[in-house]
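A short write-up of the structure that comes next.
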Amino acid sequence: MNNTLKKTLSVVLAVMMLFGTFAFGVSADEVKRIACTMVEDGASGRGFSWYTYEDGASDLQIMKTEDFDGDFTGAMNYSGSTAKFREQYFHKVYVNTLEAGTSYTYRVGDKAKNLWGDTCTFTTDDGDSSFSFIVSADIQASSDENFREASATLKGAVATAPDAGFIALLGDYVNDNTNDEWDWFFSNFAFMNNHYTHVPIAGNHDGNITNKFNTNVFKHTFAVDESDNQSLEGVYYSFDYGNAHIAVLNTNDMYPMTQAQRNWLINDMKTSDATWKFIFMHRALYSAGKHFNKPDTIMMRNILLPLIDELDIDMVYAGHDHMYLRTTQVYGDATVENVEYVTETVNGEEITFAVKPEGTVYILPSTAGTKRYGVNTDASNPATRVAAKLFSTRDDDLGGCFTVTEIDGGKLTYKAYLVDDETKEIKLVDTYGIVKDEGGKAEESDLDQSLMATIVNYPANFAKAIIDMLKSYFQMLFDLIGI
Ligand SMILES: [Fe+2]
């Protein structure tokens, strides 16, 4: 073939490819950052969210997995809302008519454009009291490679608990909150987001006014709540799953925690008769990482500890400080004495169960990512006083951490694992259990949850939080120097 003919063929081929692209209607747009999130009732509701580069409709096609044979003919169709955010388009759809205990297959996109994302799945809560959930924290990555490394932790988690009812990430998904970082999170964690229900928790890196004035990001990333509990910096919400009630707090408003959120938490927990009550949040109130004596940690402890004591919360899971902590049963800022323990062998593992204990266990499951902190074991640190298990996943380069909590009626079995950085071997590093009678009791509670409650109480709350924080700080200092 001579050169002239080669050049002519090349031009013809290029023109064919160009027109071919248009002819087949393939656009530059794509459906990305897909998430299926928990809303209010694990058995009947879900939120769906995603992004596109171009404006368009927010459509969901969903059908029972048992009826899905490769296409969405006969699917139920739902539509939601589209909002422009940071030069891209955020889409969300809510559904609250799902059947309990059912596996669904779905896709999201724009029906008119025939633009669809990946085919995804999830399963609704069957409502019985036997289920498990995964909790991990603080991916906080800032490169594609870091997100990929952190994804190994959650791959280990879903391999360990493939039937988990949901996966909660305790905030700080990203570091600098750029569009690139969120794209990397969703592309590296598609194995999880596309096939599990996600329980998102806002961290201080996920759209906080104190972090480069990034606001409104969380509500434009996940479809978690249609109520008024959204702020510029996150959202608080709750849901039922099996015989548990779970509240997700927004600890980005901890200066001090707004009266509206305090009142909401009291109303929400007191009026639930669930057997198990859990709180998921980002900032921890017991912590032994580098934030252990920061004002926000101290304020959180002063404000939340009495509320958690009053509300009979079984376990509180928090992130932010990238080290591992499990406390004893804690009440009144001290280890509960005289707890009865029994030891059982479960699947070859000896696990110690607290029997109908008082108090709350506080968990800080280190980090799924690679940014890990050392551990402060000063006697002055209240976390040291109440710690049952405390270690750094940095100092020995132990790996990314995840936890699995299994509920079977009145029995809770908690396990923490590390995924080795090099070998990806999954290692059990901590266990704990609680047994109690099934069935909780609800009471009436109707405190003011409006913004007005916060406005009215703000000056007094703020002054008290600062004074209490200073008192606590100096007490820690005096303890340290032995006065
Ligand atoms: Fe954080």
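Residue numbers for the sequence shown follow the working numbering, so the first one is 1190 and each next one is one higher. For each residue, glycine too, the CB sits at the ideal point set by N, CA and C.
In chain order, the residues that have a beta carbon nearer than 5 Å to some heavy atom of ligand 1 are Asp-1361, Gly-1392, Asn-1393 and His-1509. Remark: C-beta atoms of Leu-1438 and Phe-1467 do not approach each other more closely than 9 Å. Beta-bridge partners of Gly-1423 (DSSP): Ser-1420. Counting the other Cβ atoms within 10 Å of the Cβ of Asn-1536 gives fewer than 16, which makes it exposed. By the criterion of a C-beta distance shorter than 8 Å, Val-1531 is surrounded in its chain by Thr-1541, Phe-1542, Val-1544 and Val-1624, once the five residues flanking it on both sides are discounted. Comparing alpha carbon positions, the residue from Tyr-1603, Ile-1670 and Ile-1656 closest to Thr-1349 is Tyr-1603. Here DSSP, grouped into helix, strand and coil, assigns Gln-1518 to coil. CA-to-CA, the gap between Ser-1321 and Asp-1584 works out to about 30 Å. Of the candidates Thr-1620, Asp-1327, Thr-1612 and Ile-1497, Asp-1327 places its Cα closest to the Cα of Val-1363. Taking C-alpha positions only, Gly-1558 is separated from Thr-1582 by approximately 10 Å.
When secondary structure is reduced to three states using DSSP, Ser-1321 falls in the strand class.
Lys-1630 and Phe-1667 have their C-alpha atoms some 42 Å from each other. Burial state of Met-1512 is buried, judged by a 10 Å Cβ sphere holding 16 or more other Cβ atoms. Closest option to Ala-1477, judged by alpha-carbon separation, among Thr-1447, His-1509 and Asn-1452: His-1509. With a beta-carbon spacing of about 15 Å, Asp-1442 and Ser-1416 fall beyond the 8 Å limit used to define contacts.
Pro-1484 sits in a helix when the DSSP states are folded into three classes. Rounded to whole angstroms, the Cβ separation of Asn-1366 and Gly-1396 is 6 Å, and the two are in contact under 8 Å.
Three or more Cβ pairs drawn from the stretch 1475–1493 and the stretch 1646–1663 lie within less than 8 Å of each other, which places the two stretches in contact.
A check of alpha carbon separations from Arg-1574 across Ile-1596, Thr-1556, Tyr-1606 and Met-1665 identifies Met-1665 as the nearest.
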